[in-house]
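First to last, the protein sequences are chains V and L. Mind the numbering: the first sequence is residues 628 to 972 in the working numbering, read in order. Mind the numbering: the second sequence is residues 628 to 972 in the working numbering, read in order.
Protein chains: 2
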Amino acid sequence: MMSDTKIKTMEEFAAVSGLSRPTVSKYFFDANSVRPKTRARIEDALERYDYRPNIYAMNQNRRLTRTLGIVVPFLADPFFAEIARNIERLCIDAGFRPIVFSSHGEPELEADNLKSLLAMKPSGALLAPLGRLSDRSALSNFSAEVPSILFDSNMDGIGEGFVGLDNSQSIGAIVRYLCDSGQPPSFFEGRMAPNPNVQSKLAAYTQTMKQLGHEPHIVYADGEGWDFESIGYNAGIRALQARDFPTNTILCGNDRLAVGFLAAAYEEGLRVGRGDGCALRVAGHDDHPFSRFTCPPLTTVSQDFNAIAAKSVELLTELIDHDSQRQTERTTTLFDGTLVIRASA
Amino acid sequence: MMSDTKIKTMEEFAAVSGLSRPTVSKYFFDANSVRPKTRARIEDALERYDYRPNIYAMNQNRRLTRTLGIVVPFLADPFFAEIARNIERLCIDAGFRPIVFSSHGEPELEADNLKSLLAMKPSGALLAPLGRLSDRSALSNFSAEVPSILFDSNMDGIGEGFVGLDNSQSIGAIVRYLCDSGQPPSFFEGRMAPNPNVQSKLAAYTQTMKQLGHEPHIVYADGEGWDFESIGYNAGIRALQARDFPTNTILCGNDRLAVGFLAAAYEEGLRVGRGDGCALRVAGHDDHPFSRFTCPPLTTVSQDFNAIAAKSVELLTELIDHDSQRQTERTTTLFDGTLVIRASA
DNA sequence: CCTGAAATTTTACGCGCGTAAAATTTTAAT
DNA sequence: ATTAAAATTTTACGCGCGTAAAATTTCAGG
């Protein structure tokens, strides 16, 4: 039933729907802000003539653009791809227009992304900073102007809140499991890991090991960047050949590192698993989407993507709705990880 | 040396740089369109006062927004994440502002993305359609208004060109390799696979097998959606238990399916590889970023991400530069795949 | 039918910039 | 120094919409 006359401006569209432009304008900002009967008339006209307001003219003068920025450090990492997907969906459902930026692991690009985002006058932002490598002042400047919630990777004093995993709990849980079910684990982690969670993971590992009366043993993997599988593989080969591990059990700092390490163990002819014929137990952390399908399937700690995404979006929308009180205290929300026992350890 | 006075409009910025607003406006559209001396003065002022033009006011009246849309079917798939990353980089280098959309495997979202993109008046678009499930008219309407290049997945008559892998060549190469080095392969593919490449892959498999004097044998994996590892795993378990494969060699339609199949073989206690103690040879297709790290590492056919990305961007920028001749013939560019022999087959 | 509140319309202005055309200046050459 | 071409400035207008304030209409309830 689409009419053929092209509607180009809101003025014209208001005319064919028999309303005034300001009313239509109000509708497009919030469909519930007009009378139901008026809304029906507009949506009727909307079906007959597919008109869309010019987004540039719209956002030029709006106080609230209702766009939300999502910045992740590395979208080619399936973890961030998944969480970005969840967050995107939730933002749309909450009536916002999400825009995803990936920093591709580069601090300069992260700063660029924040500037581009700032230029879009977003209503708010959900940020997972690069961490150690981040340009702190870029993040600080940004979050001073835009209501921001950090997720996955925390940075002191930036943004109005942080939502993430309780590394202390999650590492504690898997270390305890590994100790209970066999030999105590060494901890295998990237030396130059960009992610700030690394420090708290290391601390949690050390603390739990001591609590259980074991000597902590950390093996660092050299290598820069976000190519964790490669780093885990190369350092794994080296460490296995050098017999760097005092026990048969290795806890990797994250699943991608573990995937690389599993490949190294395979290459070295070492069978991984809990069974009798196995030489090595390997565990990961994060429960990446593909960890179910490694050989053997990876024992790990899962983070609840949905919970983290939902809480982040909830905090942000709340913040946006009463942004009067932007001086409230910075909130930190930590979720527990869940032990996922598969065949690898 | 940043001055503290806030410059908000181009008028003000033109004043402090001692130029007129139209000249500055010209600079921001194309930095090379002004005299070097003038350009230097602007960039000088740019360092002293960090001014950025209001993107909304800018794009409202510009003929060319210099934004490029990139639409991929599923960004959580590492293949698309990688290629999107490459394309993004190339677009930036070519002086455009890329914006990435993911359809998350849903045709409705794909159509939505195209509408959102259209509202941004992009200078051009690089599209990887969902394929079989795509809303054809949505794509058709879009590409009628925006210069578009398709990549990875082709759709007849849509866009000004297509860039992708020559499935016929790549499948031919790996089938030939598998036949030469052992028993001829069965083909393992999703029955409801959304990707349009599936048909040409099947055809290439059948044809090559017949050429070599072998009987083609296709095993379909049931399952909807983009969770290929799960589909490969579940269908793999079933097919292995039912002894559906006449030979010891299986060629999977893509690497993610192969990853799931490898997990199934592991679960069934079947050793995969070329060696004597191995029960099964498994190969994939696409060379996903993680295929190097499966156990055993996956034999597959690699596509040159960089070449595909570069050619796509090159075609599009050419198209944009002389868009007068938009009536030119639709071009198809196919790259050869390269056999990547690893331990799995 | 009356009344007050809520929704809508009218009116008017401005946002920050693009762009066209004419006037002026600068540049590079003769 | 002269001159034509190129770059820049001036001037002027418009883009499509947001938004505020005042005037008017619609609505629900009595």
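The beta carbon of each residue, even a glycine, is placed where N, CA and C say it ideally should be.
Query	Result
What residue does the beta strand (DSSP E) around V/Pro725 start on, and which one ends it?	Arg724 to Ser729
So with Cβ pairs under 9 Å, would you call V/Ile868 a contact of chain L?	In the sequence on display, residue 868 of chain V carries Gln and not Ile. No, its Cβ sits nowhere closer than 9 Å to a Cβ of chain L.
For chain V, is any of its Cβ atoms less than 9 Å away from the one on L/Met628?	Confidence at L/Met628 is low in this model, with a pLDDT of 49, below 50, so the placement of that residue should be treated as unreliable; the coordinate-derived value is given next. L/Met628 does not count as touching chain V.
In chain L, which residues lie with their C-beta within 8 Å of the C-beta of V/Gly887?	Phe920
Residues of chain L with CB closer than 8 Å to the CB of V/Phe917, please, in chain order.	Glu856, Val886 and Phe917
Contact criterion: CB-CB distance below 9 Å. Does L/Lys635 meet it with respect to chain V?	no
Going along chain V in order, which residues have a C-beta closer than 9 Å to the C-beta of L/Asn681?	Gln687, Ala746 and Lys748
If we cut at 9 Å on Cβ distances, does V/Leu754 have a partner in chain L?	no
Using 10 angstroms around the beta-carbon of L/Gly791, count the other beta-carbons present and answer buried if the total reaches 16, otherwise exposed.	buried
Please find out if some non-hydrogen atom of the ligand NAD comes closer than 8 Å to the beta-carbon of V/Pro734.	No copy of the ligand NAD occurs in the structure displayed, which carries no ligand at all.
Nearest by alpha-carbon distance to V/Glu733: which of V/Gly751, V/Arg689 and V/Leu702 is it?	V/Leu702
Can you pull the chain V residues whose beta carbon is under 9 Å from the beta carbon of L/Glu772, in chain order?	Correct list: empty, because the minimum Cβ distance to chain V is about 12 Å.
In whole angstroms, what separates the C-alpha of V/Asn713 from that of V/Asp931?	11 Å
Quick check on this structure: which residue in L/Ile877, L/Gly904, L/Asp854 and L/Arg675 has the alpha carbon closest to the alpha carbon of L/His731?	L/Asp854
When the Cβ atoms of the segment 737-753 of chain V are set against those of the segment 900-916 of chain V, are three or more pairs found closer than 8 Å?	no
How big is the Cα-Cα spacing for L/Met628 and L/Val643?	Summary for L/Met628: the model assigns pLDDT 49, below 50, so the residue's position carries little reliability; its value from the coordinates is reported in the next sentence. Each residue's Cα considered, the two are about 15 Å apart.
Alpha carbons only, please: which of V/Pro843, V/Leu878 and V/Val886 is nearest the one belonging to V/Asn861?	V/Val886
I'd like the span of the beta strand (DSSP E) that includes V/Leu961, first residue to last.	Thr958 to Phe962
Determine whether the beta carbon atoms of L/Leu805 and L/Ala970 lie at a separation below 9 Å.	no
Which residue's Cα is closest to the Cα of V/Pro756: V/Met747, V/Ile776, V/Glu895 and V/Ser750?	V/Ile776
Let's test the definition: count the other Cβ atoms within 10 Å of the Cβ of V/Gly696 and tell me whether it reaches 16, buried, or not, exposed.	buried
Tell me the DSSP secondary structure of V/Phe778 in three-state form.	strand
Any beta carbon of chain V sitting closer than 9 Å to that of L/Leu702?	yes
Grab me the residues of V/Leu867's own chain with a C-beta within less than 8 Å of its C-beta, minus the 5 sequence neighbours each way, in chain order.	Ala891, Ala892, Glu895 and Leu897
Starting from the N-terminal side, write out each stretch of the alpha helix (DSSP H) that is 4 residues or longer and does not extend beyond the segment 848-936 of chain L.	855-868 and 882-894
Just confirm the distance between the C-beta atoms of V/Leu966 and V/Ile710, as a whole number of angstroms; I'd bet it's less than 8 Å.	Not quite, the Cβ-Cβ distance comes to about 20 Å (not below 8 Å), so this is no contact.
Counting Cβ pairs closer than 8 Å, one from the segment 679-687 of chain L and one from the segment 675-692 of chain V, do we hit at least three?	yes
Does the beta-carbon distance from L/Ser797 to L/Val928 come in below 9 Å?	yes
Could you check whether the Cβ of V/Ala910 sits closer than 9 Å to any Cβ belonging to chain L?	no
Can you list, in chain order, the residues of its chain whose CB lies under 6 Å from that of L/Thr944, leaving out five sequence neighbours each side?	Ala721
Measure the C-alpha to C-alpha separation of L/Leu753 and L/Gly880 and round it to an integer number of angstroms.	24 Å
Compare the C-beta of V/Glu715 against all C-beta atoms of chain L and say whether one is closer than 9 Å.	yes
State yes or no: is the beta carbon of V/Pro734 nearer than 9 Å to at least one beta carbon in chain L?	no
Can you name, in chain order, every residue of its own chain whose Cβ lies under 6 Å from the Cβ of V/Tyr847, other than the five neighbours on each side?	Arg818
Is it right to say V/Asn933 is buried, meaning 16 or more other beta carbons lie within 10 angstroms of its own, or is it exposed?	exposed
Closest by CA to V/His841, which one among V/Asn781, V/Pro873 and V/Leu673?	V/Pro873
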